[in-house]
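Using my numbering, you'd call the opening residue of the sequence shown number 32 and step up by one each time.
Heads up, the beta-carbon is just placed ideally off N, CA and C, and yes, glycines get one too.
The next block holds one structure in the form of structure tokens; read it before the comments.
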Amino acid sequence: MLPKEIIIIDQNPPGFLDSLINDCPEKLNIVHTKVTFTGASKARNLGASIATGELIAFPDDDCTYREDTIENVMHRFERNSELGVLIAGKDEIANTIRKDNQRRKGIIKIHTVLDLFRAKAETSNIFARKKALSDLKYVFDANIGPGKATEWASNEETDLLVRLLQKNIPIAKDETIRIMHHSCQGSLRKTLQYGMGRYELIKRNNLGFFIYFINLVQPIVRLILKPRLKHVPTCIMTIIGRSGLINNFIFIQRKYTQAKIR
């Protein structure tokens, strides 16, 4: 099954995607919008605003849907008219069959923020009703997410889901619906930035000390359960990022600079 439309918010140099789009089959309804601004969250917000379909997804440029992904997502929403957001399962590589996926045949409802963290949502595996998103002041926070203009490089999807949860929008996870997308964070610097984004998420949404503490110790628990020497630097950088030390230092430095200018 094909999507109703594929919206491309193009932040590349002029003509960069022309050959790729021209090679696409005519049966694909491609809406190509060229913009001059940068930032993934800002681009996704524009895409969501011009989407005409009832359901909206935000796939990354390096993720892949299975042949039945769209059809299964639509069936899940059709069977549950109250469902506002669906989080799909994720595979690292193609043709992966997970044993826990075979066991989990039902849908898992998301009731709490901890449930959201366990669901391991990413922008690429989130499917939402446009009506649910339209109830928000904005879809993604333009200050969070990938891009040179954003302060915090990650957790824009969790920030979105937390705000939807606070508005009592029904959210669920379905492991039987799969997409393929990597989880590699790349450099230690990026790992640090992801941790800083998580702290900012907790702070902005006033999630409290318990959620902060759980997120701080989670990398340690993960390392204990699956001890690998090569994962120690990643664990350390994640903890430093999630601690908020760098975030608060940046905040204090910025306040000092502003006061000095005045």
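Check this for me: beta carbons of residue i and residue j, under 8 Å apart or not?
i, j, result
"residue 158", "residue 88", "yes"
"residue 221", "residue 173", "no"
"residue 273", "residue 239", "no"
"residue 153", "residue 72", "no"
"residue 147", "residue 114", "no"
Output the boundary residues of the beta strand (DSSP E) element that contains residue i.
i, result
"residue 10", "The structure shown does not extend to residue 10, since the chain is modelled only from 32 to 293, so the question has no answer here."
"residue 294", "No answer is possible for residue 294: the residues shown for the chain start at 32 and end at 293."
"residue 88", "86 to 88"
"residue 140", "139 to 141"
How many angstroms separate the CA atom of residue i from the CA atom of residue j?
i, j, result
"residue 52", "residue 37", "11 Å"
"residue 80", "residue 167", "12 Å"
"residue 169", "residue 76", "7 Å"
"residue 352", "residue 163", "Because the chain here runs from 32 to 293, residue 352 falls outside it and cannot be looked at."
"residue 90", "residue 156", "7 Å"
"residue 161", "residue 232", "23 Å"
"residue 271", "residue 242", "16 Å"
"residue 209", "residue 117", "12 Å"
"residue 40", "residue 268", "32 Å"
"residue 95", "residue 286", "43 Å"
Per DSSP, what kind of secondary structure is residue i in: helix, strand or coil?
i, result
"residue 280", "helix"
"residue 117", "strand"
"residue 41", "strand"
"residue 181", "coil"
"residue 58", "coil"
"residue 255", "helix"
"residue 95", "strand"
"residue 190", "helix"
"residue 122", "strand"
In the DSSP assignment, the alpha helix (DSSP H) including residue i goes from what residue to what residue?
i, result
"residue 63", "Run containing residue 63: none in the alpha helix (DSSP H); it sits in the beta strand (DSSP E), 61 to 65."
"residue 150", "144 to 150"
"residue 154", "Neither: residue 154 is in no alpha helix (DSSP H) and is coded neither H nor E."
"residue 170", "Element bounds for residue 170: n/a, residue is neither H nor E."
"residue 32", "Counting along the chain, residue 32 falls outside any alpha helix (DSSP H), and DSSP gives it neither H nor E."
"residue 234", "219 to 235"
Is there contact here, the segment 202 to 216 with the segment 246 to 263, by at least three beta-carbon pairs under 8 Å?
no
Does the segment 62 to 73 come into contact with the segment 102 to 121, if we say contact requires no fewer than three beta-carbon pairs (one atom in each stretch) closer than 8 Å?
Three or more Cβ pairs closer than 8 Å define a contact, and the segment 62 to 73 falls short of that threshold against the segment 102 to 121.
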